[in-house]
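Below you'll find the structure, written out as structure tokens, and then a few comments.
In UniProt numbering, the protein residues as written are 1 to 283.
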């Protein structure tokens, strides 16, 4: 996030010097892992909501359980799931970004003289951060950047689930997987995560800048986009892409392995009951 919200003048310090000074002055917990506990404890709920809505949307779009949903239906269901998760995801992103944006910015002169970054008053954690945002901006403060997240998440979740389903089915069909489909889930999930993130990086950069803009410097998405590109160039919209890709593959691979295996076990348990219910309805 620090890479995404910097301007050109603030981006001249080497990443190694920046990271080391951050750890020295703030420690691992408040430096490198600052703002991570809240999403770590909450993303399970967001993913549950997303996959739950996705499953229900597929059932609605294709009621016949004997017919495999089309790729268009998969994409549409993914977009619906992306919309639903915004209710929880937006406040989480605002709090996470606010906490991470408070990691001290290192100036070149500080690095040259071996001085640690200046430590100011920072939020002690997500609860204090949430209270402060509510006190200063009200509930609307927790939904800052919502429209940007909407345009980022809705198509990207559709693409995310479309790429996963297509690649997963292709690997299973061509037998490039094990009997449980774990290898297919790892490769398909990781690839889907990378593809969807690559497609929305510009939106993510602008979203991050808007969500940490508590001084109301930007009037909205277009104002933030124009000013950002004017000051830092078009390349700033893809800043942090490599780090995001390195994170996206393992995280989404694990997500889909867990999702696919849990779904597989639940189908084993509940499929006989569904079949029995269908037979009763027919009779």
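Quick reminder that beta carbons are idealized off the backbone N, C-alpha and C, glycines included.
Boundaries (first-last residue) of the alpha helix (DSSP H) holding residue i
i, result
"residue 210", "182-211"
"residue 91", "86-101"
"residue 146", "146-173"
"residue 216", "Here residue 216 belongs to no alpha helix (DSSP H), and DSSP marks it neither H nor E."
Nonlocal neighbours in the same chain, by C-beta distance under 7 Å from residue i, ignoring five residues either side
i, result
"residue 256", "164, 185, 188 and 189"
"residue 251", "193"
Simplified DSSP state of residue i, which is helix, strand or coil
i, result
"residue 131", "helix"
"residue 250", "helix"
"residue 126", "helix"
"residue 176", "coil"
"residue 82", "helix"
"residue 231", "helix"
"residue 48", "helix"
"residue 67", "coil"
Same chain, Cβ closer than 6 Å to residue i, five either side skipped, listed in chain order
i, result
"residue 75", "158 and 162"
"residue 183", "177"
"residue 225", "206"
"residue 141", "133"
"residue 196", "156, 159 and 160"
Close-in-space but distant-in-sequence residues of the same chain around residue i (CB under 8 Å, 5 per side omitted)
i, result
"residue 61", "69, 73, 76 and 77"
"residue 264", "180 and 181"
Closer than 8 Å to chain D by CB, residue i
i, result
"residue 187", "The displayed structure is made up of one protein chain only, and chain D is not part of it."
Task: Cβ contact (3+ pairs, closer than 8 Å) linking the region 87-95 and the region 140-155 - done: With the cut-off at 8 Å, the region 87-95 and the region 140-155 touch.
Open item on the list: Below 8 Å, how does it come out for the region 240-247 and the region 164-181: are there three or more Cβ pairs, yes or no?
Closed with: no
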